[in-house]
Each structure stands twice: as structure tokens, then as C-alpha cells.
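A quick write-up on the structure given underneath.
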Amino acid sequence: NTKLKAFSSLFHQTTSNGRTSSDHDRYHQIDRTKQHQWNEIHPNQLESIHQSSVVKTSNRNPSLSSPRSISFQRPSSKSHVIDTKHFPEYSNSNSFDSIYDHRQLQRKDSNGYVPRNRFVHFDLKGAPPKISYLRKIFPLIRKAGGNGILLEYEDMFPFDGRLKHAAANNAFTKNDIYQIKSLARANQLEIIPLVQTFGHLEFILKLEVYRHLRESDSYPQTICPSKNESSELLFEMIDQVLALHKESKWLHIGCDEVFQIGLCNLCQNQDINQLFLNHVKSIASYVNDRHQVIPIIWDDMLRQIYPETIKLYELHRSNLEIMIWTYIDDIYRFIPYGTWISYSQSFPKIWGASAFKGAFGETLTAPNIKMHLDNNIAWLGALEEQSTNFKTIQGLVITGWQRYDHLATLCELLPTSLPSLILDLLTVSNGKYESRLIRKLYEILNCGQNVMISNENIFSKNSNFFHLAQCDFPGSKILQMINDFEEINKRVDDFLYDLTVHKAWLTRYNFAHNITSPWRINEGLQNYPEIMYNLREVAKNALSTLGEVYENSTVFEWIEEKIYPQLIRMEKFYNETKNLEKLRVWPKRPIEPIADLFRFFR
Numbered sequence: 003n004t005k006l007k008a009f010s011s012l013f014h015q016t017t018s019n020g021r022t023s024s025d026h027d028r029y030h031q032i033d034r035t036k037q038h039q040w041n042e043i044h045p046n047q048l049e050s051i052h053q054s055s056v057v058k059t060s061n062r063n064p065s066l067s068s069p070r071s072i073s074f075q076r077p078s079s080k081s082h083v084i085d086t087k088h089f090p091e092y093s094n095s096n097s098f099d100s101i102y103d104h105r106q107l108q109r110k111d112s113n114g115y116v117p118r119n120r121f122v123h124f125d126l127k128g129a130p131p132k133i134s135y136l137r138k139i140f141p142l143i144r145k146a147g148g149n150g151i152l153l154e155y156e157d158m159f160p161f162d163g164r165l166k167h168a169a170a171n172n173a174f175t176k177n178d179i180y181q182i183k184s185l186a187r188a189n190q191l192e193i194i195p196l197v198q199t200f201g202h203l204e205f206i207l208k209l210e211v212y213r214h215l216r217e218s219d220s221y222p223q224t225i226c227p228s229k230n231e232s233s234e235l236l237f238e239m240i241d242q243v244l245a246l247h248k249e250s251k252w253l254h255i256g257c258d259e260v261f262q263i264g265l266c267n268l269c270q271n272q273d274i275n276q277l278f279l280n281h282v283k284s285i286a287s288y289v290n291d292r293h294q295v296i297p298i299i300w301d302d303m304l305r306q307i308y309p310e311t312i313k314l315y316e317l318h319r320s321n322l323e324i325m326i327w328t329y330i331d332d333i334y335r336f337i338p339y340g341t342w343i344s345y346s347q348s349f350p351k352i353w354g355a356s357a358f359k360g361a362f363g364e365t366l367t368a369p370n371i372k373m374h375l376d377n378n379i380a381w382l383g384a385l386e387e388q389s390t391n392f393k394t395i396q397g398l399v400i401t402g403w404q405r406y407d408h409l410a411t412l413c414e415l416l417p418t419s420l421p422s423l424i425l426d427l428l429t430v431s432n433g434k435y436e437s438r439l440i441r442k443l444y445e446i447l448n449c450g451q452n453v454m455i456s457n458e459n460i461f462s463k464n465s466n467f468f469h470l471a472q473c474d475f476p477g478s479k480i481l482q483m484i485n486d487f488e489e490i491n492k493r494v495d496d497f498l499y500d501l502t503v504h505k506a507w508l509t510r511y512n513f514a515h516n517i518t519s520p521w522r523i524n525e526g527l528q529n530y531p532e533i534m535y536n537l538r539e540v541a542k543n544a545l546s547t548l549g550e551v552y553e554n555s556t557v558f559e560w561i562e563e564k565i566y567p568q569l570i571r572m573e574k575f576y577n578e579t580k581n582l583e584k585l586r587v588w589p590k591r592p593i594e595p596i597a598d599l600f601r602f603f604r
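If you're matching positions, the sequence shown starts at 3 in the numbering used here and goes up one per residue.
This is the structure we're talking about:
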């Protein structure tokens, strides 16, 4: 309780970068992670965090529902306050007001801002699309204006040697990777591989053979930065990935959402910011010095650290670039203006990162296209505004998370999210959104005239663009299947709620005490055969349509996660109801309460 109160007070303070946490829950899930847990916070961390005014969050997260025990929450800043102590050039409030009104700047007339690099993030985490599917969509990405791919293999990379256990049983082969590279090259798409090197290492730390390298034995997310064996393992991962990507200019080394830090015996007496920066410097230097490749990290862990502290580590000497990410339509809520100024003192080259899926709910089946479009539009404005503060804005990566972490279930599938991706790419490549881009979207997705609706009404029709299932793009059948699933899923929920909650003859009380009206049962079950039949048909359709894009393991995972629970609910309800229907005599009142009830009064 003391720890929680201490952090609660920090959440309502403004940091040196003007970060506040008020009303962050308005965005119940707005950035990829998901509620950040503050796992096993040590007293010395509280002091360090207080001194650094740490306020961290995620959901890439958007969600406030991560299985992480106690977490840092991303700052949501309404008042973009500049710390004039550290940024004296903005001590004059009038001059600050004149140079910064981000909403006014974002609304200004402009020919648009087109990032030089427009990359698409492929998150493979244990469920990669077939290469035959990538062969179909790479040309669409190029046609929409994309010119690169951020490829996050995770356990799908064919690790070998001491890392052989880290590769999934269905990992790509080296030949598969050669094919992917060939497809990318044919479509003029540059590849940046991504290797996690600090947090989000569940895919390897979950295994017994690597368990001893965890920062906290209870949580497999974070590797201990103080063990020599950790560095050796990470260097080997980097070596193996870059051996198959020798032509890559950049390597993304992750380092986001490092939730457990400063916890183990080797680390607990060290400053957590120093631990983080030392580790980043070590990995970045290895990538740059050993492989002559430019390292990139996610920025979120830096938001809690004073610019003077960051500068001490001279990360620019390893040519480190940061990728700044947030997935809402108010970029400066999570990345206040002062944070950008802080970054500009240590990182002359930066990237932005938006999202086309995997940002607004861990178990969604289809993305909210309007919300993702708004995020990408906001990023164009922010990058244009910040272009004068940095030597180079390298580009924008449109992320597409497949799971919120390695141990989570699937969120939106790639085929279902293709319309979102293409519209975002068209907008980013155009420098701004214009209604004419909808026509281009229809063309790329091979939509017929029967699909065309006015540009003005497209967003009001439905946020998921399910009407585009009538188009003929790679995965359109899956989009239709998802639409059918959403409809039957709602029918199942409504059916069971109506009979077990809304009406009075098939509640848990009725089942517990064997008292009901058989006539009411017959009446209630009239729609059961139709609903159950349609649910089974959707399951069969999912099996065939998903099989065109994914291996069986992914196909059955999705069906087991989404459809199987509803099949079981319906089947169990029907069997229990039919047993209840057999009764021909019923108990006299008053009816004795169930015995289990009384344990809650002890």
C-alpha cells in the first residue's frame, strides 16, 4: 500500500518534461502495452524514481489490462509545460507560446509532410503469415507508398547453436528468410530486423535453460543487464540475425517496456536509469562497432530520464537512433514538447511510430480504422513540427502488433487489418489525409462498384470497414469471416443473457434448486438450433479461410480462443437445460439456500 500510494502521488505530478498522468484512462488502452505493472518495486527504486520524476506507461498499450503486477503508466500530458531550468531558451513564456501551439500548427494549411521512410512493422510472434501471403501483400504495400519493413521475428527466427531452444518449433528456415528478403527486394522494400535485447524477452526467458538470466524469477519479460552471460546471449542473437541480414543499414534492438529493472541481487543497489543506459550503450556499441550497423531503440524508457543524464552516456557515439512511439491522436499527450527538446540534445536522428492494428484492445478481431488513421495523421503533424529540432527525421514506422506480448493471445489478424494498413500508408505517403485517397484504397483492394460508397460516409458506415469484405484483396474472405463471427458472437451473448439473466426461468438459481417452468424452457430454446448451426458454420469457415494465410497452429489457436468458448457455453447451457426440463415435480417453498452461500458470511 505504501508503494502504491507513493506512485499514485507521482501520477498526479508534472515532471520536468511537463508530463502529467491525469485522465490517462480516457484512453483505456491506447498504446501497445497495456497496463504497466510495477513489479516488485524496491524502496531504493522509489527514491530513484522520485528523483527522476519517473512516469512511464505503455499499451503501446493501450490497454489497462496487462498481466503485469504493478506497472508504470504512460504519462498523459494536457499541459505541455517546458522546464525552463533545463531549457532556459524557453524561459520567456510569450516566446514559447508563439513557437508552440501544436493543435494550431497541426491545423495549418500545408502541402503535407511525407516522411522519407515509410515502413510497415511485421510482428511475427509465434504466428507468422505464410510466405505465399507475403508474396501477395508486399506489392500492395509498395503500391500504397511503403518503402520498407520493420521485421520482428522473435521466436520465428531460425536460431541455432546455443540459441537453438529460442526458436519456435514452426520457426522460419533460413531459406524462408531468403525468400522474404527476395520478395522485399523485388518490391523495393528495405528491411530493418528487430531483436529485443532488454524487455519483451519472454520468448527466450520463459524457457528453463535461460531462466537464470531473468531480472526477476517471477517474470520472464526482462533480462538481467548485470550478468556477463546476458550480454553474451544477446550478442549471439544479434550476430545470428545480422548474418542473414548483412545488407541492413539498421538494427532495431527494442528496449521498450522494461518493467522489471533493478530487482535482482546484482542490480538492486544500482540506479535504474544508469542500469538502463549502460545496457543500451553496451548493446548499441556492439551493433555499431562490430557490425557497422546503426542501432535503433524504442524511446519510452528514456522519457523518465533527465536530458543531462542521457547526455552523459554519449549514446550518439554509437549512432543510436530512437523510435518515438504512441498510438493516440494527441501525440503530445504522451510525448510532451519538452521531451522532444530533451531528445534533440542527444539524438540528432529520430523515427516516429504509429499503428495500423494492435493498439486499442488486446483481444480485438478487427481494428478501428478511424482511430488508427487519426493517429497517423497526428504523427505527420508532429514530425513536421519537430523537423526543425532534429538533424534528420528518418521516417515513420506503422506498427502492427500481433500480440501485446509473447504470452498473450492474438489481437487483430493481419489480413483483417490490411484495409487499415493501406489507408494509413496512402495517407502517410501523401503527407496528409484527403478524401480522394478512399478511391485509391478501393483500387488497391480491388473493390468493385458495388462496394463504392461516398467518401463522406465511409467512416460513419462502420469503424472496421467490414463492407470491404466484398472486395477481392488478399485476406478479404477472412474479413468476411470475422464479420460473420462478430454477428453470431453477439447473438450467442444476447441469447444466453436473455435466458439466464433477463428472464426468470433459467437463471443460476433455477439450476441450483431444480425449479423452473418446462413450458418456458421450450419457448426459450426455439432459437438454439439456428444459433448453434451458424456458430459451427463460422468455425468451419474460419478453418478454411485462415488456413490460406496461416499454419494450422495459428488457425486452431484463433478458433480455440474466439469460437470454441462460445460453442462450449451453448452446448453446456443446452445440456443443463434439457436435464432441468425432465423434472416433473418441484420443491415446496420456502426453498433452502445452497450451503456454499454461507461461507461468504464467515
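All C-beta atoms in this analysis are idealised placements derived from N, C-alpha and C, irrespective of residue type, glycine included.
Residue i, enclosing alpha helix (DSSP H) - first and last residue
{"i": "LYS138", "result": "133-145"}
{"i": "GLY340", "result": "339-346"}
{"i": "TYR530", "result": "530-548"}
{"i": "ALA168", "result": "Careful: ALA168 lies outside any alpha helix (DSSP H) and carries neither H nor E."}
{"i": "TRP521", "result": "520-526"}
C-alpha distance - residue i paired with residue j, whole-angstrom precision
{"i": "PRO369", "j": "HIS515", "result": "44 Å"}
{"i": "ARG118", "j": "GLY397", "result": "5 Å"}
{"i": "ALA361", "j": "HIS202", "result": "16 Å"}
{"i": "PHE237", "j": "LEU215", "result": "14 Å"}
{"i": "LYS492", "j": "SER519", "result": "26 Å"}
{"i": "GLU453", "j": "LEU447", "result": "As written in the sequence, residue 453 is Val, which differs from the Glu given in the question. Taking the straight line from one Cα to the other gives about 11 Å."}
{"i": "LYS580", "j": "GLU532", "result": "17 Å"}
{"i": "PHE467", "j": "ASP474", "result": "14 Å"}
{"i": "LEU165", "j": "LYS208", "result": "13 Å"}
{"i": "TYR444", "j": "SER437", "result": "12 Å"}
{"i": "TYR530", "j": "GLU414", "result": "29 Å"}
{"i": "PHE124", "j": "GLU387", "result": "28 Å"}
{"i": "SER23", "j": "PRO338", "result": "Confidence at SER23 is low in this model, with a pLDDT of 31, below 50, so the placement of that residue should be treated as unreliable; the coordinate-derived value is given next. If you take the alpha carbons of SER23 and PRO338, they lie about 12 Å apart."}
{"i": "GLY128", "j": "SER555", "result": "9 Å"}
{"i": "ARG604", "j": "ALA597", "result": "12 Å"}
{"i": "ASP486", "j": "GLU539", "result": "10 Å"}
{"i": "ASN267", "j": "ILE330", "result": "38 Å"}
{"i": "PHE575", "j": "LYS542", "result": "22 Å"}
{"i": "SER356", "j": "GLY402", "result": "9 Å"}
{"i": "ALA506", "j": "TYR499", "result": "11 Å"}
{"i": "VAL494", "j": "TRP560", "result": "18 Å"}
{"i": "ALA170", "j": "ILE206", "result": "10 Å"}
Buried versus exposed call for residue i [16 or more other C-beta atoms within 10 Å across all chains shown]
{"i": "LYS313", "result": "exposed"}
{"i": "PHE602", "result": "exposed"}
{"i": "ILE593", "result": "exposed"}
{"i": "LEU599", "result": "exposed"}
{"i": "VAL430", "result": "buried"}
{"i": "ASP496", "result": "exposed"}
{"i": "GLN242", "result": "buried"}
{"i": "SER184", "result": "exposed"}
{"i": "GLU259", "result": "buried"}
{"i": "GLU364", "result": "buried"}
{"i": "GLY163", "result": "exposed"}
Sub-7 Å separation of residue i and residue j beta-carbons
{"i": "ASN189", "j": "ARG144", "result": "yes"}
{"i": "LYS393", "j": "PRO350", "result": "yes"}
{"i": "ALA146", "j": "ILE424", "result": "yes"}
{"i": "THR311", "j": "ASN280", "result": "no"}
{"i": "THR411", "j": "GLU563", "result": "yes"}
{"i": "LEU615", "j": "LYS442", "result": "Here the chain covers residues 3 to 604 and nothing more, so residue 615 does not appear."}
{"i": "ILE484", "j": "THR547", "result": "no"}
{"i": "GLN262", "j": "SER232", "result": "no"}
{"i": "LYS359", "j": "PHE461", "result": "no"}
{"i": "ILE343", "j": "TYR435", "result": "no"}
Endpoints, the beta strand (DSSP E) within which residue i is located
{"i": "ASN119", "result": "119-125"}
{"i": "VAL399", "result": "394-402"}
{"i": "PHE200", "result": "Per DSSP, PHE200 belongs to no beta strand (DSSP E) and is neither H nor E."}
{"i": "GLU217", "result": "216-218"}
{"i": "LYS359", "result": "351-359"}
{"i": "TRP327", "result": "323-327"}
{"i": "LEU279", "result": "Run containing LEU279: none in the beta strand (DSSP E); it sits in the alpha helix (DSSP H), 274-293."}
{"i": "LEU439", "result": "No beta strand (DSSP E) holds LEU439; the alpha helix (DSSP H) holding it covers 438-446."}
Touch test, the region 195-209 against the region 144-160, Cβ-Cβ under 8 Å, three pairs minimum:
yes
Does the region 544-554 come within contact of the region 128-135, defined as at least 3 CB pairs closer than 8 Å?
yes
Taking 8 Å as the threshold, find out whether the region 171-179 comes into contact with the region 221-240 through three or more Cβ pairs.
no
The region 179-194 touching the region 244-252, judged by at least three CB pairs closer than 8 Å
yes
Should the region 328-346 be called in touch with the region 282-298, which here means at least 3 C-beta pairs below 8 Å?
no
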